[in-house]
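Engineer:
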Amino acid sequence: MSRRRQIYEGKAKILYEGPEPGTLIQYFKDDATAFNAQKKGTIQGKGVINNRISEYVFTRLNHIGVPNHFIRRLNMREQLVRQVEIIPIEVVVRNVAAGSISKRLGIPEGEMLPHTLIEYYYKDDALGDPMVAEEHIACFGWANHDEMQDIAAMAIRVNDFMAGMFAAINIRLVDFKLEFGRIWDGDYSRVILADEISPDGCRLWDMVTGEKLDKDRFRRDLGGEEEAYQEVARRLGLLQDDGGPSEVLDLSKHRKLRGK
1 MSRRRQIYEG KAKILYEGPE PGTLIQYFKD DATAFNAQKK GTIQGKGVIN
51 NRISEYVFTR LNHIGVPNHF IRRLNMREQL VRQVEIIPIE VVVRNVAAGS
101 ISKRLGIPEG EMLPHTLIEY YYKDDALGDP MVAEEHIACF GWANHDEMQD
151 IAAMAIRVND FMAGMFAAIN IRLVDFKLEF GRIWDGDYSR VILADEISPD
201 GCRLWDMVTG EKLDKDRFRR DLGGEEEAYQ EVARRLGLLQ DDGGPSEVLD
251 LSKHRKLRGK
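Here the UniProt record's numbering is used: the first residue of the sequence shown is 1, the next is one more, and so on.
(1) Between the alpha carbons of M112 and A97, how many angstroms are there, rounded?
(2) Please classify M207 as buried or exposed, where buried requires at least 16 other C-beta atoms within 10 Å of its C-beta.
(3) Roughly how many whole angstroms lie between the Cα atoms of R190 and N75?
(4) Measure how close the beta-carbons of residue 264 and V93 come, nearest whole angstrom, since I'm counting them as under 8 Å.
(5) For my contact list, V91 and A155 are in at a C-beta cut-off of 8 Å; report their separation, rounded to the angstrom.
(6) Quick one: what's got a C-beta closer than 6 Å to D150's C-beta in the same chain, skipping five residues either side?
(7) Got a sec, what are the start and stop residues for the beta strand (DSSP E) A194 sits in?
(8) Would you check if the distance between the CB atom of G29 and the CB atom of K40 is smaller than 8 Å?
(9) Under a three-way DSSP split, which group does K46 fall into?
(10) Which runs of the alpha helix (DSSP H) at least 4 residues long sit entirely within the stretch 93-143? Give them in chain order.
(11) Hey, could you find the ends of the alpha helix (DSSP H) G22 is sitting in?
(12) With a Cβ-Cβ cutoff of 8 Å, do V174 and V66 count as a contact?
(13) Could you check if H69 is buried or exposed, using at least 16 other CB atoms within 10 Å of its CB as the buried criterion?
(14) To the nearest whole angstrom, what separates the beta carbons of A233 and L213, a pair I think is in contact under 8 Å?
(15) Among all the DSSP beta bridges, which residues are the ones paired with N68?
(16) Could you round the C-beta distance between I86 and E179 to whole angstroms and report it? I think they count as a contact, below 8 Å.
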């Protein structure tokens, strides 16, 4: 498929004009950023793995009735998605204290929260993606009451599903970020899940060792980012174990074969 006109470039992805009206091609980059792009780097092969993991998760969410923008994966780094009007809110779902909530409230990292917590952040890098309340969202017209009800319900549904999915492979779903968008049918719209779900936007800890298998390895200069992302893909069954060709390169096996 020939690449079409670029629509938008973000920190981790590029959106191109799709082959049909109402579609986009979403390209996953290897670029890594943290702290609102104050820290920048590259995680080799990240885009390939995130494309595959996001495809896997969105497909399974669609099967349980969570509407989303994913149509199909096109190749190693690209997928075809529905074009949506992005709601400028990042929805963060928390099960365990980590990251900013530990810093803001002094809760020890790793402490289980009494119940799942949903937080909202206004998408604006220049402002540092400030935390907002539902009253702010309604006041400034970013989303209406019915849309927020749908968003909260879908966020809890996604959390319930993913927590079980990851627990089955001995990974604790600590927290994660979601984005939503509107699709229109004439004068009427509905909200669906958009963007991506991958180790870029999730905190994933090994349930036995507590090892971080997500972008916190990059944020905190822990090293081993490539291997961590690959470990998530391997446990989800997205890396081939028979030594045959795979769309996701297993770097640890590749180094062994090269005698490193």
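Note that beta-carbon positions come from the ideal geometry of N, C-alpha and C, so glycine has one too.
Structural biologist: On the basis of the supplied data:
(1) 6 Å
(2) exposed
(3) 29 Å
(4) Any property of residue 264 remains undetermined from this structure, which presents the chain solely from 1 to 260.
(5) 5 Å
(6) V191
(7) Y188 to A194
(8) Looking at the sequence provided, one finds Lys at residue 29 rather than Gly. In this structure, K40 does not lie closer than 8 Å to K29 by Cβ.
(9) helix
(10) Annotation: the stretch 93-143 contains the following complete segments of the alpha helix (DSSP H) (minimum length 4 residues), in chain order: 100-105 and 134-139.
(11) DSSP places G22 in no alpha helix (DSSP H); its state is neither H nor E.
(12) Here V174 is not near V66, since their CB atoms are 8 Å or more apart.
(13) buried
(14) That pair is no contact at about 10 Å.
(15) L193
(16) 6 Å
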